[in-house]
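Data block below; observations after.
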Amino acid sequence: ASSAFMGVGVRSNVGASSVPRGTSTALAVGAFRPMKTPSRKFSRMKLFAPNEVVAKSRCWYFRSQLDELKKACGQILSCKEIFEKHPDGIKNFGIWLRYNSRSGTHKMYKEYRETTLTNAVGRMYAEMASRHRARFSSIEIIRTAVVPADKVRRVNTLQFINSSIKCPLPHRVQRASSKKYATTFRARRPTTYH
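Be aware that the sequence shown starts at 1114, since it is given in our numbering, and climbs by one per residue.
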């Protein structure tokens, strides 16, 4: 894989690295090959894949279904990794997907609270593998969106949408400010609650 598609936050330059949970967000731009007519049809597709090779492969797979475009008649102009504009705040992500199980094809909607869409999709792939035994190749993401707090549906996500939510720290141990003040034994028992 090329260095233009390296994982987020990974400082390795060996081979095709991946982001946490193995997925990255890619933007692939494809078009019909230039023929005698000058007008060309361009298309963009957002994909989730571990590296550039898989992203291009998934692009051809979906393009052949949506546009009836095959490799002989088209080309991928660019395939690059895209990043979240604001990865510092937590958001509610909704993911609409379709997957093939042992018994048939099913559609599903899932919600996750994450800082980036890539992490939410990674969690979705992990959950689908554990709960439904669905492989990466059998899952198709139909749509993703940032869901506002008043539109959240799932109970697991709703429990965190509360302005008065508290996360107490019941056992805080005071540490010495430097090594010279640290002792193994002390005359007084430490107070761990505040």
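No residue lacks a Cβ here, since even glycine has one placed at the ideal position from N, Cα and C.
Euclidean distance between Cα positions of T1297 and Y1306: 21 Å
Which residues DSSP lists as bridging Y1225, in chain order: F1206
Boundaries of the alpha helix (DSSP H) in which S1170 is found, first to last residue: E1165 to L1179
Exposure of I1208, with buried meaning 16 or more beta-carbon neighbours within 10 Å: buried
Span of the beta strand (DSSP E), counted from its first residue to its last, around R1256: I1252 to V1259
Segment contact, 8 Å Cβ cut-off, at least three pairs: the stretch 1187-1198 with the stretch 1136-1144: yes
CB-CB length for A1262 against I1278, believed under 8 Å: Rounded, the Cβ-Cβ distance is 12 Å, inconsistent with contact.
Whole-angstrom distance between A1247 and E1165, CA atom to CA atom: 22 Å
Per-residue burial, S1137 [other beta carbons within 10 Å of its own, 16 or more giving buried]: buried
Contact under 9 Å by Cβ, R1211 with I1252: yes
Beta-carbon proximity of E1227 to I1255, cut-off 9 Å: no
Cut-off 8 Å between Cβ atoms - residues of its own chain near K1220, not counting five sequence neighbours on either side: W1209, L1210, R1211 and I1255
Separation of K1154 from E1181, as counted between CA atoms: 12 Å
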